[in-house]
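Peer 1:
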Amino acid sequence: MIRVVLPAHLRTLARVDGEVKLDVAGQVTQRSVLDALEASYPMLRGTIRDQVTRQRRAFVRFFACEQDISQESPDEPLPEAVASGAEPFLVIGAMAGG
Amino acid sequence: MSRVRVLVGTRKGAFVLTADGKRERWDVSGPHFGGWEIYHLKGSPANPNRIYASQSSSWFGQVIQRSSDGGKTWEAVGNKFAYEGAVGNHLWYDGTQRLFEFARVWHLEPSLTDPDTVYAGIQDAALFRTTDGGQTWRELPGLRNHPSAPAWQPGAGGMCLHTILLDPSTAGRIFIAISAAGVFRSDDAGETWRPMNRGLRSEQIPDPTAEVGHCVHRIAMHRSRPNVLFMQKHWDVMRSDDAGESWKDVGGNLPTDFGFPIDVHAHEPNTVYVVPIKSDSEHYLPDGKLRVYRSRSGGHEWEPLTKGLPQSHCYVNVLRDAMAVDTLEPCGVYVGTTGGQVYASADAGDSWTPIVRDLPSVVSVEAQMLP
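Chains as they are written, first to last, in the numbering used here: chain A, 1 to 98; chain B, 1 to 371.
1. List the endpoints of the continuous beta strand (DSSP E) containing Q65 of chain B.
2. Give the straight-line distance between the Cα atoms of N47 of chain B and H265 of chain B, rounded to the nearest whole angstrom.
3. In the DSSP assignment, find the unbroken alpha helix (DSSP H) run with L22 of chain A in it and report its ends.
4. Could you name the residues of the same chain whose beta carbon sits closer than 7 Å to that of E301 of chain B, not counting the 5 residues immediately before and after it, in chain order?
5. What is the DSSP secondary structure of T170 of chain B, reduced to helix, strand or coil?
6. Check each residue of the region 13-39 of chain B: if its Cβ is closer than 9 Å to any Cβ of chain A, include it; give the result in chain order.
7. Measure the beta-carbon distance from Q62 of chain B to G46 of chain A and round it to whole angstroms, keeping in mind my assumption that it falls under 8 Å.
8. So if I threshold CB-CB distances at 8 Å, which residues from the region 44-61 of chain B count as touching chain A?
9. Name the residues in the region 74-104 of chain B whose C-beta lies less than 9 Å from a C-beta of chain A; which are they?
10. With DSSP as the reference, identify every bridge partner of L229 of chain B, one or two as the case may be.
11. Run down chain B in chain order and give the residues with a C-beta less than 8 Å from the C-beta of R56 of chain A.
12. For the region 112-121 of chain B against the region 155-165 of chain B, are there 3 or more C-beta pairs whose distance is under 8 Å?
13. Under a three-way DSSP split, which group does Q55 of chain A fall into?
14. Who are the near neighbours of S57 of chain B in its chain, counting only those whose CB is closer than 8 Å to its CB and skipping five residues on each side?
15. Between F62 of chain A and chain B, is there a C-beta pair that is closer than 8 Å?
16. Could you tell me whether the region 2-10 of chain B touches the region 31-42 of chain A, where touching means 3 or more Cβ pairs closer than 8 Å?
17. I need the DSSP call for H9 of chain A, collapsed to helix, strand or coil.
18. Determine the contact status of L112 of chain B and P168 of chain B, defining contact as a CB-CB distance below 8 Å.
19. Let me see if you follow: with CB-CB separation under 8 Å, is Q51 of chain A close to chain B or not?
20. Give me the chain B residues within the contact set of F59 of chain A, using Cβ-Cβ distance strictly less than 7 Å, ordered along the chain.
21. Nearest by alpha-carbon distance to Y343 of chain B: which of B:T327, B:V318 and B:P330 is it?
22. For T47 of chain A, which residues in chain B fall below 9 Å Cβ to Cβ?
23. Shorter than 8 Å from the beta carbon of L10 of chain A to some beta carbon of chain B?
24. Determine contact between the region 17-24 of chain B and the region 45-63 of chain A, defined as no fewer than three beta-carbon pairs at a distance below 8 Å.
25. So D13 of chain A contacts chain B; which residues on that side make the cut at Cβ distance below 7 Å?
26. Once DSSP output is grouped into helix, strand and coil, what is the label at R3 of chain B?
27. Taking Cβ positions only, does M43 of chain A come closer than 8 Å to chain B?
28. If the cut is a Cβ gap below 9 Å, which residues of chain B does G93 of chain A touch?
29. Which residues in the same chain have their Cβ closer than 7 Å to the Cβ of T29 of chain A, if we skip the five residues on either side of it in sequence?
30. Tell me the DSSP bridge mates of C160 of chain B?
31. When burial is assigned at 16 or more other CB atoms within 10 Å of the CB, is H313 of chain B buried or exposed?
32. Work out the CA separation of G298 of chain B and Q34 of chain A for me, nearest whole Å.
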């Protein structure tokens with residue numbers, strides 16, 4: 001079970017409170033987690049990754065185990081602590097704007 | 001007695017205002033989608049309880065919301081706006097060519113007859129349509145594939161397709177406007193397009209009378225007379241009597257002919273409203289006074305409407321989609337400001353009252369009639 005923490009605006013959009021829990025088949029990567037997230041919550045499509053390019057949106061960051069892993073390959077395995085559910089995968093709205 | 005619903009899009013959410021036909025007491029609901037920019041929301045003429053909203057943010061992109069109960073509840077529908085085929089280029093601020101790139105939906109125009117069909121005007125300029133209530137969107141690529149597209153350039157707010165007018169009497173006729181390209185018309189339901197900018201003069205472009213490149217801010221028509229169009233251009237208030245084939249300046253005695261919105265009285269096709277703004281470098285009202293100007297002669301002669309509007313130290317703006325009329329008798333007129341006020345007139349502009357005064361900056365205002 002993968003735990004995902006969404007920013008407030010996306011929790012509202014997805015109509016969830018607290019963490020989202022996902023079953024991810026196969027290797028646990030940014031891509032497989034986000035694919036599972038969007039499959040369970042289709043209203044989140046396009047809000048984290050661009051609908052066409054599938055690239056991470058510029059002002060969205062991914063944190064795990066107190067590390068910013070936004071720049072890592074979307075197919076890089078996530079830390080074992082995330083894959084085991086011990087630690088969450090955090091989707092963050094970048095600190096930007098006034 | 002009919003009721004009226006006013007849909008307000010702001011920089012930080014949407015608000016739904018309702019009143020009975022007297023339009024004296026207003027019920028305010030919202031913010032809906034708090035914290036998100038709501039560029040536009042509009043109800044279906046065929047089913048007023050079907051409302052579509054464009055919700056966006058720099059962080060999380062574009063969301064389209066749909067309500068089937070008049071704005072009480074909402075559901076997110078499709079938000080994939082993918083250009084059809086080769087994307088192509090447009091002119092960038094520095095004179096270079098740049099690929100079209102989707103940024104946001106500026107305007108949603110529901111079909112006059114089908115609640116599930118909606119047109120969307122987007123940035124970078126293109127026209128999309130859904131026929132399944134917003135679940136899927138497909139571009140009408142004939143517009144963006146027009147040979148003039150490489151000469152289109154963004155205005156200060158981005159290269160947006162901001163106006164969509166559906167001709168109620170000529171099947172398949174659609175007018176759109178792009179800032180800064182100008183007006184285009186299709187007579188075949190959006191398959192092919194022609195520029196409709198003859199008579200426009202814009203000193204801000206190298207050839208002031210070019211076929212495209214004009215920063216048209218808004219166009220408006222009256223349902224009973226769709227061949228007559230009114231335009232608020234970057235500078236100049238214009239009128240066409242031949243469905244956009246040619247335009248003439250009708251700014252007349254306006255204190256300034258720069259501005260953004262323009263609209264037409266619901267029952268008097270020759271009565272037109274604008275909100276003059278001091279200049280394109282200041283973007284606020286002249287003399288610190290909010291004055292809506294009305295022409296009862298289809299242009300040229302304009303009168304300031306001031307009763308109930310602030311007449312000192314007022315430096316707001318009224319954006320292009322932030323004026324609307326209702327179809328009650330007398331006609332109601334609504335103006336939303338960047339200061340967060342929505343002013344309403346229940347007597348065609350003779351007098352005004354703020355129906356809300358401290359919202360986030362208002363981007364769009366639409367009025368709906370309810371049974």
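Cβ coordinates follow ideal geometry from the N, Cα and C atoms, glycine included.
Peer 2: So, from the listed chains and residues:
1. G61 to S67
2. 22 Å
3. Run containing L22 of chain A: none in the alpha helix (DSSP H); it sits in the beta strand (DSSP E), V20 to L22.
4. G252, N253 and S295
5. coil
6. F33, G34, G35 and W36
7. 6 Å
8. S57, S58, W59, F60 and G61
9. E75, A76, V77, G78, N79, K80, F81, A82, Y83 and F102
10. B:M221 and B:S240
11. Simply none; closest approach about 11 Å.
12. yes
13. coil
14. G35, W36 and E37
15. no
16. no
17. helix
18. yes
19. yes
20. S58 and W59
21. B:V318
22. S57, W59, F60, G61, Q62, V63 and N79
23. yes
24. no
25. In the sequence as presented, Asp is not what sits at residue 13 of chain A; that position holds Leu. The contacting residues are V63 and A76.
26. strand
27. yes
28. S57, W59 and F60
29. P74, D75, E76, P77 and L78
30. B:Q123 and B:S179
31. exposed
32. Going by the sequence as given, residue 34 of chain A is Leu instead of Gln. Computed Cα separation, rounded: 55 Å.
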